[in-house]
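In the numbering used here, the protein residues as written are 447 to 532.
For glycine and all other residues, C-beta sits at the position ideal for the given N, C-alpha and C.
Computed from a predicted model, the values in this text were never measured in an experiment.
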């Protein structure tokens, strides 16, 4: 029993919680930056899509509508937070 407590103490002594916290903070900051970048890109694509619809003749819009809808659906899926995917 004393050996178990001793080995557990050694494990926690070697376990560098501060280092882990720094790593997790770094990863969280990186993820937040990527999320912000993704949201900005998504808004830009939405605006480009609106411009396209305003500036292209109806005949062309009808021809590319299926491709645009598929693209928009894919972009929307990739923009969902992980909790909303499952």
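N-terminal and C-terminal residue of the alpha helix (DSSP H) that residue 521 is part of = 504-525
Under a three-way DSSP split, which group does residue 462 fall into?
-> coil
When the Cα atoms are used, what is the spatial distance from residue 461 to residue 514?
-> 51 angstroms
Could you round the C-beta distance between residue 488 and residue 525 to whole angstroms and report it? I think they count as a contact, below 8 angstroms.
-> 5 angstroms
Tell me whether the beta-carbon of residue 521 lies closer than 8 angstroms to the beta-carbon of residue 491.
-> yes
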